[in-house]
Structure formats: structure tokens, C-alpha cells
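Novice: In the numbering used here, the protein residues as written are 1 to 116. Even for Gly, the Cβ is constructed at its ideal location relative to N, Cα and C.
(1) Do the segment 32 to 41 and the segment 71 to 81 touch if we need at least three Cβ pairs shorter than 8 angstroms?
(2) Would you say the segment 100 to 116 touches the segment 24 to 38, given that touching needs at least three Cβ pairs under 8 angstroms?
(3) Rounded to whole angstroms, what's the CA-CA distance from residue 21 to residue 5? Just pull it up for me.
(4) Taking the beta carbon of residue 81 as the centre, do at least 16 other beta carbons fall within 10 Å, making it buried, or is it exposed?
(5) Is the separation between the beta-carbon of residue 46 and that of residue 85 shorter than 8 angstroms?
(6) DSSP three-state label for residue 126, please.
(7) Would residue 3 be called buried (16 or more neighbouring beta carbons within 10 Å of its own) or exposed?
(8) Measuring alpha carbon to alpha carbon, tell me which of 35, 23, 67 ends up nearest residue 7.
(9) The alpha helix (DSSP H) that contains residue 97, what's its start and end?
(10) So residue 71 and residue 18 are in contact, right, with Cβ under 8 angstroms, and what is the actual spacing, rounded?
What follows is the structure, encoded as C-alpha cells:
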């Protein structure tokens with residue numbers, strides 16, 4: 001049996017931009033991506049703490065240490081600049097492996113920067 005489990009989470013990061021007229025996706029600071037073990041093109045779920053919206057999209061790499069978290073395309077309608085979101089990715093793996101798997105969890109500061 002294979003199940004889906006939490007692979008990566010960027011917890012409580014702020015939306016810095018929303019670009020409606022763009023192809024689509026979420027742009028994330030490269031440093032945050034690396035800390036969360038996310039790769040460009042990876043599917044993620046974005047959960048908006050401010051309004052309860054949830055959406056799925058894919059990751060685009062943003063400038064390193066910029067703090068950028070930008071919803072692009074139609075997703076831009078799901079959040080306002082300043083909203084707090086949680087970015088989540090999942091992985092499929094055998095049940096036994098999943099029981100011992102440790103996800104990458106990132107808790108940025110209020111400026112979307114990595115701490116200590």
C-alpha cells in the first residue's frame with residue numbers, strides 16, 4: 001500500500017505579491033524552497049489563514065533571500081498582499097516508510113526570512 005504524507009511545509013509565510021495577468025503558479029524565495037526541499041515545478045497546496053481559501057498550483061523559483069511569495073494567474077484572486085498562508089507538498093510512499101518519514105518544516109519570520 002502506498003499513501004500520501006506531508007513532505008514539506010512552509011508555515012505562516014506572507015503573500016508579498018499577487019500578479020493576476022501571469023501564466024499561473026506561486027513564486028517562492030529560493031532560500032525558502034531549499035529549506036523546505038521544494039523544487040521548481042513541484043505541486044503544492046496553498047492554504048490561506050486569513051480567508052480559508054485553498055488551492056493547488058506549482059512552484060516557480062523566486063530570487064534568493066528576497067522574501068518573495070507571489071500568487072500568479074487566477075490564484076492571485078485567492079489572497080491579498082499581506083495574507084498569511086501555509087504552503088504544503090505531499091509525497092507518496094509505502095506505508096512502512098511513511099511511518100518513519102520526517103517532513104521538512106520551515107517557520108519563516110514575519111518578513112519571510114529564515115531564522116537561526
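Specialist: Inspection of the coordinates gives the following:
(1) These segments do not touch.
(2) Contact holds: three or more Cβ-Cβ distances are below 8 angstroms.
(3) 33 angstroms
(4) exposed
(5) yes
(6) Lying before the first or after the last residue shown, residue 126 is absent from the chain, which here runs from 1 to 116.
(7) exposed
(8) 35
(9) Looking at the DSSP string, the run of the alpha helix (DSSP H) that includes residue 97 is 95 to 98.
(10) That belief holds up - the Cβ atoms of residue 71 and residue 18 are roughly 5 angstroms apart, short of 8 angstroms.
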